[in-house]
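Undergrad: The structure under discussion is supplied below as structure tokens; questions concerning it will follow.
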Amino acid sequence: MGALLSTLATSIVLAAAEDGHEDAGGFHTPSLSDFFPEAIAFGDTVFQIDRLWIIRIIATIALLTVFVIAARRAKVVPGRFQAGVEYLLGFVRVQIGEEIMGKERAKRYIPMLTTIFFTILAFNLTGVIPGLNLAASSRIGVPLLLALWVFVTYWYAGIQKHGLGGYLKANLFPPGVPWPIYFILTPIELLQILVIRPGSLMVRLVANMVAGHIMLVLCFAATQFFVIDSAGSGLMAFGLLTLPAGIFVTLFEVLVAFLQAYIFALLAAVYINMSLEEEH
């Protein structure tokens with residue numbers, strides 16, 4: 052157990068040190084530079100390859116591998132692996148899709164919600180995997196892409212059902228409001244469907260992953276500094292505080308990874324369902 056914790060701490064510190072910087076004395080200070088590692092190839096172009104890009108590829112391959120294995124080994128009486136995958140699939144279908152949209156309406160959007168949930172979950176979990184140590188969703192690109200997917204989907208769904216005029220009327224001019232209030236309410240509603248809804252999805256995910264990474268690096272870098280770099284200086288006792296704190300933050304980040312995937316998929320279902328309702 053001690054060897055595992057030591058490996059975890061060292062792995063996180065070394066990976067962070069590659070992308071960040073160190074203060075005098077060897078203590079690594081986490082910063083936003085951790086999320087923008089040096090280019091490996093095609094630097095300063097839209098095709099730039101860096102460590103975060105590689106982490107995303109690894110997470111994607113791992114996610115696809117899990118589902119391919121689960122599909123090929125599917126049995127009438129599932130084993131633990133198949134049961135775990137089926138449980139998560141059922142969770143998205145029932146607790147997110149059907150709970151928010153109803154059985155019939157949800158059928159059309161379950162593939163989308165499932166893709167969003169598992170993609171975010173896999174990308175979030177890379178932040179606590181030794182050797183990767185950086186959430187693939189901690190830079191704005193992936194959250195932005197998923198938020199735009201949700202944005203286009205709920206606009207398309209609403210316009211398809213109500214027509215462009217009916218959709219805009221239902222969203223921008225809710226019934227039962229005195230007409231002078233529309234001068235204030237309508238711009239706010241327009242801002243909400245164009246910016247606030249997709250923006251809230253994107254910013255919430257990125258902010259949580261950035262904050263989690265910074266806390267993890269801070270805890271384990273402090274452990275490295277107190278236990279190894281400052282050995283014999285009387286500071287080692289502080290490592291007895293920072294190491295448990297790092298383990299706690301790691302477990303907390305696993306919870307946050309699931310929670311953020313759930314919230315993103317849940318709000319996607321809520322927004323799509325709102326666009327299909329007769330009144331808002």
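First residue of the sequence shown? That's 52 in my numbering, and the numbers climb one at a time after it.
Where is the CB? At the ideal position from N, CA and C, for every residue including glycine.
Predicted, not measured: the structure shown is a model, and the values here were computed from it.
1) Between the beta-carbon of A208 and the beta-carbon of I323, is there less than 8 Å?
2) Suppose you measure from the CA of W206 to the CA of M152; what does that come to, to the nearest Å?
3) Would you give the residue range spanned by the alpha helix (DSSP H) that R159 belongs to?
4) Contact between the region 247-254 and the region 191-207: three or more CB pairs below 8 Å?
5) With three or more beta-carbon pairs closer than 8 Å as the criterion, would you say the region 299-319 touches the region 178-192?
6) Spatial neighbours of I120 within its chain, please: CB distance less than 8 Å, with the 5 preceding and 5 following residues excluded, ordered by chain position.
7) DSSP three-state call for A187: helix, strand or coil?
8) Within 10 angstroms of the Cβ of L291, are there 16 or more other Cβ atoms? Answer buried if so, exposed if not.
9) Buried or exposed, going by whether 16 or more other CB atoms sit within 10 Å of the CB of G76?
10) Which residue's Cα is closest to the Cα of S84: L318, G227, I244 and S189?
11) Out of A173, I105, Y218 and F86, point me to the one whose CA is closest to A312's CA.
12) Among W230, I265 and L197, whose alpha-carbon lies nearest the alpha-carbon of L318?
TA: On the basis of the data shown:
1) The Cβ atoms of A208 and I323 sit closer than 8 Å to each other.
2) Answer to the nearest angstrom: the Cα atoms are 16 Å apart.
3) Neither: R159 is in no alpha helix (DSSP H) and is coded neither H nor E.
4) Judged by Cβ distances under 8 Å, the region 247-254 makes contact with the region 191-207, as three or more pairs qualify.
5) The answer is yes - the region 178-192 touches the region 299-319, with three or more Cβ pairs under 8 Å.
6) The residues are F132.
7) A187: coil per DSSP, three-state reduction.
8) Counting Cβ neighbours within 10 Å, L291 comes out exposed, since fewer than 16 surround it.
9) Only weak support is given to the placement of G76: the predicted model assigns it a pLDDT of 48, under 50, and the value that follows is read from those uncertain coordinates. The residue is exposed, with fewer than 16 neighbouring Cβ atoms inside 10 Å.
10) Among L318, G227, I244 and S189, the Cα nearest to that of S84 is on S189.
11) Comparing Cα-Cα distances from A312 to each of A173, I105, Y218 and F86, the minimum goes to A173.
12) Minimum Cα distance to L318 is reached at L197.
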